[in-house]
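Working notes for the structure below.
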Amino acid sequence: MARGTGLVSSRVAAMHGYTPGEQPQAGRLIKLNTNENPYPCSPLVAGAIADEARSLQLYPSPNADALRAKAAQVYRVAPEQVLVGNGSDEVLAMILRACVLDGDAVAYAVPTYSLYRTLAQSVGARVVEIAADGSAIPRGVADARARVTFVCTPNSPTGRAIALDAIAEFARSADGVVVVDEAYADFGTATALTILADHPNMVVTRSFSKSFSLAGLRLGLAFGHADFLAELLKVKDSYNISRLAIAAGVAALDDYAWMQSNVSRVRATRARVTARLRAAGFRVEDSSANFVWVDCSSAGGGRPVYDKLRAAGVLVRYFDVEGLRGGIRASIGTDEQMDVMLAVLGG
Ligand SMILES: Cc1ncc(COP(=O)(O)O)c(C=O)c1O
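Note that numbering that gives the first Met the number 0 numbers the sequence shown so that position 67 is 66, with each residue one more than the last.
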């Protein structure tokens, strides 16, 4: 028995940890595997971090008040309706920690963001996964009457979005918490923030990692009803957001137009790449996110295409799991980066 085995709970021993995408040394590969933004964040961010670095002897605001206030102003809600997380991943974990007891159901359609399963297992949930194409909330998810339901829109890895009407209808009929994961929403989905007020059981999560080009900073937001978020705060790490991240997040929101301009470039490249891949014979999903799902059945499946791209210095994501082996997910990089990928794929 390996040293350490038997020290953790049987629940943790039985679960698999999350498998993150590969994070290779900078510069060696064209990195299209974890949906980062190819363009840098606003220059205001570096200035804000440098200023704040002078105050690192002091603890940060426990609830990241400056960022909470700024996000409330930008997204037109009250500050009490905003919770700041160390990445949206932390917000998702807090929701499960606060809402789920052993054996409670946590439901979502698959394929989707695989962290949901890891987080649900870590709190002892009964995981209900229903196969679907990512464009609707399947019946089985509604039937699960789960304590927490994840609705990922646009979904990963397909890039498909779910209509707001469908989300609203589902939230009305759900007993538990409905988490609308909008990590990629800035790239092309109508946001559920517009219907949040009508649904006391809804929480919308956002990430600074994708559209704001701040994956390395770790910053995410939850928008919800003030009384619900106040409960979530009870299970938050005491100082979960550093002073540097709070200052950086405020600066990023101050320069919202910078994010929008980068999003426009990514969307233009996405349209071009989609058309070129289709012309080369690949079936490509219409994506509302900053990545495309490329069906590689015509090229022998996802693995050989992944290998061929990797040999040419292009790293995309291949998921060695049921239902996803037939394709690859490629993040949208710069036009120059995508041209290298297209050249390898004959597009
Ligand atoms: C659907 C989805 N939600 C949440 C996240 C996590 O985002 P963050 O970097 O803010 O933790 C990701 C990251 O890839 C994601 O794909």
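Positions of the beta carbon are idealized from the N, C-alpha and C atoms, including for glycine.
- Exposure label - S206; buried when at least 16 CB within 10 Å: Looking up residue 206 in the sequence shown gives position 207. With 16 or more other Cβ atoms within 10 Å, it is buried.
- Cβ-based neighbour list, D103, same chain, cut-off 7 Å, excluding 5 preceding and 5 following: For the purposes of this step, residue 103 is taken as residue 104 along the sequence shown, with counting starting at 1. Only A124, R125, R146 meet the Cβ criterion.
- Taking Cβ to Cβ, would you say N154 is nearer than 8 Å to T111? Counting from one through the sequence shown, the residue named residue 154 turns up at place 155. Counting from one through the sequence shown, the residue named residue 111 turns up at place 112. The answer is yes: Cβ separation under 8 Å.
- Out of curiosity, what's the CA-to-CA distance linking G312 and P137? In the sequence shown, counting from the first residue as 1, residue 312 sits at position 313. In the sequence shown, counting from the first residue as 1, residue 137 sits at position 138. Those two C-alpha atoms are separated by around 38 Å.
- M93 in three-state terms, based on DSSP: Here residue 93 refers to the residue found at position 94 when the sequence shown is read from its first residue. M93 falls in the helix class under three-state DSSP.
- Message: Taking a contact to mean a Cβ-Cβ separation below 8 Å, would you say Y17 touches L95 in this structure?
- Response: Numbered from 1 along the sequence shown, position 18 holds the residue referred to as residue 17. Numbered from 1 along the sequence shown, position 96 holds the residue referred to as residue 95. For Y17 and L95, no; Cβs fall outside 8 Å.
- For the alpha helix (DSSP H) containing T333, list its first residue and its last residue. In the sequence shown, the residue the question calls residue 333 occupies position 334. Unbroken run through T333: none, as it is neither H nor E.
- Task: Counting only the same chain and skipping the five closest in sequence on each side, list residues whose C-beta sits under 6 Å from that of L323.
- Result: For this step, residue 323 is matched to residue 324 along the sequence shown. So the list reads P110, once near-sequence residues are dropped.
- CB-CB length for V177 against A184, believed under 8 Å: Taking the sequence shown and counting its residues from 1, the one referred to as residue 177 is at position 178. Taking the sequence shown and counting its residues from 1, the one referred to as residue 184 is at position 185. Wrong, their Cβ atoms sit about 15 Å apart, outside the cutoff.
- Message: In this structure, how does DSSP classify M201 when only helix, strand and coil are distinguished?
- Response: Locating residue 201 in the sequence shown gives position 202, where the first residue counts as 1. M201 falls in the strand class under three-state DSSP.
- Beta carbon of S296 nearer than 8 Å to that of G325: To locate residue 296, count along the sequence shown from 1; it is residue 297. To locate residue 325, count along the sequence shown from 1; it is residue 326. Yes. Within cutoff.
- May I have a chain-ordered list of the alpha helix (DSSP H) segments no shorter than 4 residues that lie completely inside the stretch 37 to 108? 42 to 51, 64 to 74, 87 to 98
- Item | Closest Cα partner of V122 within the set D132, L100, G133 | Along the sequence shown, one-based indexing puts residue 122 at 123. Ranking the options by Cα distance to V122, first place goes to L100.
- Opposing strand residues paired with G219 [DSSP bridges]: As a position in the sequence shown, residue 219 is number 220, starting the count at 1. The partner list for G219 (beta bridge, DSSP) reads G84, S206.
- Query: Under the rule that 16 or more other beta-carbon atoms within 10 Å means buried, what is H198, buried or exposed?
  - Reply: As a working note, residue 198 is residue 199 in the sequence shown. The residue is buried, with at least 16 neighbouring Cβ atoms inside 10 Å.
- Message: Do A47 and V351 have their beta-carbon atoms positioned less than 8 Å apart in this structure?
- Response: Because the chain here runs from 0 to 346, residue 351 falls outside it and cannot be looked at.
- Query: Taking S210 as the reference, which of L55, N239, Q259, F318 has the closest Cα?
  - Reply: For the purposes of this step, residue 210 is identified with residue 211 of the sequence shown, where counting begins at 1. Here the closest residue by C-alpha is Q259.
- Run through DSSP, which three-state label would F281 get? By 1-based counting over the sequence shown, the position of residue 281 is 282. In this structure, F281 counts as coil in the three-state DSSP scheme.
- Task: May I ask you to report which of helix, strand or coil DSSP gives L341?
- Result: In the sequence shown, counting from the first residue as 1, residue 341 sits at position 342. Here L341 sits in helix by DSSP.
- Item | L218 beta carbon less than 8 Å from that of A244 | Counting from 1 along the sequence shown, the entry for residue 244 is found at position 245. Counting from 1 along the sequence shown, the entry for residue 218 is found at position 219. The answer is yes: Cβ separation under 8 Å.
- Buried or exposed for E284, please, with buried defined as at least 16 other CB atoms from any protein chain shown within 10 angstroms of its CB. For the purposes of this step, residue 284 is identified with residue 285 of the sequence shown, where counting begins at 1. That one is buried.
- Query: Under a three-way DSSP split, which group does T33 fall into?
  - Reply: Here residue 33 refers to the residue found at position 34 of the sequence shown. T33 falls in the coil class under three-state DSSP.
- Message: Suppose contacts are defined by Cβ-Cβ distances below 8 Å. Is R266 in contact with G187 by that definition?
- Response: Looking up residue 266 in the sequence shown gives position 267. Looking up residue 187 in the sequence shown gives position 188. Against a cut-off of 8 Å, the Cβ pair of G187 and R266 comes out as a contact.
- Distance cut-off 7 Å: G219 Cβ against heavy atoms of ligand 1: By one-based count along the sequence shown, residue 219 stands at place 220. Yes.
- With which residues is C151 paired in a DSSP beta bridge? The residue labelled residue 151 in the question sits at position 152 within the sequence shown. Answer by DSSP bridge pairing, in chain order: D180.
- Task: Would you mind working out which of W292, W257, Y255, K233 sits nearest T273, comparing C-alpha positions?
- Result: In the sequence shown, the residue the question calls residue 273 occupies position 274. T273 has its Cα closest to that of W292, out of W292, W257, Y255, K233.
- ligand 1 heavy atom lying under 7 Å from the CB of N34: Position 35 of the sequence shown, counted from the start, is the residue given in the question as residue 34. Under cutoff, so the answer is yes.
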